[in-house]
Each structure stands twice: as structure tokens, then as C-alpha cells.
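Undergrad: So the mapping is simple: this note's numbering equals the position in the sequence shown, first residue as 1, plus 88. The structure under discussion is supplied below as C-alpha cells; questions concerning it will follow.
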Amino acid sequence: MGVVDFIGIFFATVGTLFGAPLKQYEMLWIIIPVYINWIFTEFYQEKKGTSFGNAVTNGFVALWVGIDWLRTTVEIVSQKVIKTTFLESKITVAALMGIYGVTIIVMGIKGKHTVKLIGRIREVTYLTVMLTPIFYGAVHPTWTVIISIVLFFPLFYGIVELVNYFLPNPKTYDEWQRDSLHTSRDGTFESPVPPTKSLEEWPPAGNDYRKF
């Protein structure tokens with residue numbers, strides 16, 4: 089197989105994964121909410137990275153998707169249209185997706201900074217979009233499919249970063265940035281001039297110029 093042939097098969101496989109929900113509508117009930125959540129979260133909240141609160145929400149999305157994959161697998165097994173070899177793999181991957189979601193939630197609650205790397209909505213969305221067609225039986229989990237999913241992730245991540253770079257910051261993001269400049273880590277308001285009603289109230293008692 090030549091390089092050109094490999095590239096052609098690679099993009100054809102990726103296109104099949106992205107387009108699978110349009111051929112099997114059962115997937116749309118999980119794919120559409122994930123897409124909508126991704127677009128709004130990516131653009132309005134996570135353009136420069138995720139927060140601990142967002143990470144917890146993203147973890148719940150991953151957990152919910154893992155549960156849906158298990159549910160779908162059980163239904164397909166009950167209809168006896170799935171091979172046993174794929175059954176064990178699907179259950180394992182679905183369980184790992186759920187564990188991934190729970191891990192993000194716990195790390196977000198505990199304030200672990202690693203969650204900002206593994207808990208972005210971008211990663212959760214990619215795994216959902218790429219793997220859901222496999223669980224719904226629209227795409228078989230061949231090595232070509234698995235390798236294509238792994239190889240396309242850096243390209244997908246880079247494309248989203250490029251789009252974010254050229255898109256203007258939403259007003260909500262700019263407002264949040266301005267507010268964060270005046271808020272300390274303990275949540276108190278910081279300002280060089282306190283919000284007093286008159287100059288007679290300055291300086292505050294105790295000469296605490298930082299907290300108000």
C-alpha cells in the first residue's frame with residue numbers, strides 16, 4: 089500500500105465515522121447534544137483552557153456517554169446481532185469511558201491541575217464522536233478504524249486550535265477575563281481603589297488595602 093492510498097483510506101475512514109449518524113439516526117440523540125455542548129463550551133468557556141467547574145461537567149458527559157454505550161451494547165446483544173469478540177471489547181471500552189468521566193469529576197472537585205489537560209470538552213467530544221458509531225454497529229472496529237481514530241486526533245486538535253485562534257473572543261469571555269484580573273485566589277475582590285462612597289472612608293480600618 090502506497091502513501092497516497094493510505095492517506096485516502098485514512099480520510100475515508102474518518103469521514104465514515106463522522107458521517108455515520110446521518111445513516112443511522114439512533115445515534116443522533118447522543119451525538120447532537122454532544123456537538124451542541126462542545127460548540128458552546130469550546131467557544132464561550134474553554135477557548136483558552138478549561139476550568140475545574142467545566143471539567144466536572146465534561147466528566148459527567150463522558151460518564152453519560154459510557155453508560156449509553158453499555159446500554160446500546162446490551163440491546164444489540166439481546167438482538168443477537170453482535171459478535172462475541174467485539175462484545176468483550178465494547179464492554180471494556182465503555183467501562184473505561186465511564187471511569188474516565190468519573191476520574192475527571194473527582195480530579196475537578198479536588199482541584200487537580202492535570203484535569204485541565206485531560207478534561208477539556210474537546211477530548212470528550214472527540215472520543216464520543218469517533219467511538220459511538222462503533223458501539224451502534226454502524227462501523228466495525230477494525231485496525232484501520234482504530235489507527236485512523238488515533239492518528240486523526242492531533243489533526244483534529246490542531247484544527248480546533250487554529251479556528252479558535254482566528255475567531256474573535258466572545259464578549260462573555262472578555263468580561264470573565266476582566267473580572268478575573270480583580271479577583272484573588274481566595275475569591276476576594278482586589279482593586280487599587282476601594283469602592284468607597286467618599287474619600288473620607290479611605291484608607292479603610294486596619295490599613296488593609298487589598299481586601300474589601
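Here a beta-carbon is modelled for each residue, glycine too, at the ideal position from N, C-alpha and C. Owing to the predicted nature of the structure, the values given are computational and were not obtained by experimental measurement.
1. So for Asn252, helix, strand or coil by DSSP?
2. Please state the DSSP three-state secondary structure of Val233.
3. Going by CA-CA distance only, name the one from Phe240, Pro221, Ser139 and Ile247 that's closest to Lys111.
4. Return the chain-ordered list of same chain residues with a C-beta closer than 8 Å to the C-beta of Val227, the five sequence neighbours on each side being excluded.
5. Within the chosen definition, does the segment 190–200 reach the segment 236–249 through at least 3 CB pairs nearer than 8 Å?
6. Starting from Val153 and walking both ways along the alpha helix (DSSP H), at which residues does that stretch end?
7. For Glu134, does the three-state DSSP call read helix, strand or coil?
8. Would you mind reading off the limits of the alpha helix (DSSP H) that contains Gly90?
9. Compute the Euclidean distance between the alpha carbons of Glu163 and Gly186, then round it to the nearest angstrom.
10. Which whole-angstrom value describes the C-beta separation of Val203 and Ala143, a residue pair presumed to lie in contact below a C-beta threshold of 8 Å?
11. Helix, strand or coil for Gly68 per DSSP?
12. My assumption, with CB atoms under 8 Å, is that Phe98 sits in contact with Leu219. Please give the rounded CB distance.
13. Do Val316 and Val153 have their C-beta atoms within less than 9 Å of each other?
14. With 16 other CB atoms within 10 Å as the buried threshold, where does Phe128 fall?
15. Which residues mark the beginning and the end of the alpha helix (DSSP H) in which Tyr214 is found?
16. By how many angstroms is the C-alpha of Pro256 removed from the C-alpha of Lys136?
TA: In short, the structure shows the following:
1. Within the sequence shown, the letter at position 164 stands for residue 252. Three-state result, Asn252: helix.
2. What you label residue 233 is simply residue 145 of the sequence shown in a count that begins at 1. Val233 sits in a helix when the DSSP states are folded into three classes.
3. As a first step, residue 111 is located in the sequence shown; it is residue number 23 there, counting from the start. Cα-wise, what sits closest to Lys111 is Pro221.
4. Within the sequence shown, numbered from 1, the residue matching residue 227 stands at position 139. Thr104, Leu105, Ala108, Pro221 and Val233, listed in sequence order.
5. no
6. Residue mapping note: residue 153 aligns to position 65 of the sequence shown, counting from 1. Counting along the chain, the alpha helix (DSSP H) containing Val153 begins and ends at Phe140 to Ser166.
7. Counted from its first residue, the sequence shown places residue 134 at position 46. The answer is coil: DSSP assigns Glu134 none of H, G, I, E or B.
8. The residue labelled residue 90 in the question sits at position 2 within the sequence shown. No alpha helix (DSSP H) contains Gly90, which DSSP labels as neither H nor E.
9. Residue 163 sits at position 75 when you count from the first residue of the sequence shown. Residue 186 sits at position 98 when you count from the first residue of the sequence shown. The alpha-carbon atoms of Glu163 and Gly186 are separated by roughly 18 Å.
10. Mapped onto the sequence shown, residue 203 falls at position 115. Mapped onto the sequence shown, residue 143 falls at position 55. Yes, Val203 and Ala143 are in contact; Cβ-Cβ is about 5 Å, under 8 Å.
11. Outside the displayed range of the chain (89 to 300) lies residue 68, so it cannot be described from this structure.
12. Residue numbering aside, residue 98 sits at position 10 when the sequence shown is read from its first letter. Residue numbering aside, residue 219 sits at position 131 when the sequence shown is read from its first letter. Not confirmed; about 17 Å, so no contact.
13. There is simply no residue 316 to check, as the chain begins at 89 and stops at 300 in what is shown.
14. Counting from 1 along the sequence shown, the entry for residue 128 is found at position 40. Label assigned to Phe128: exposed.
15. Position 126 of the sequence shown, counting from 1, holds the residue named residue 214. Residues Ile209 to Phe223.
16. Translated into positions along the sequence shown, residue 136 becomes position 48. Translated into positions along the sequence shown, residue 256 becomes position 168. Taking the straight line joining both Cα atoms gives about 12 Å.
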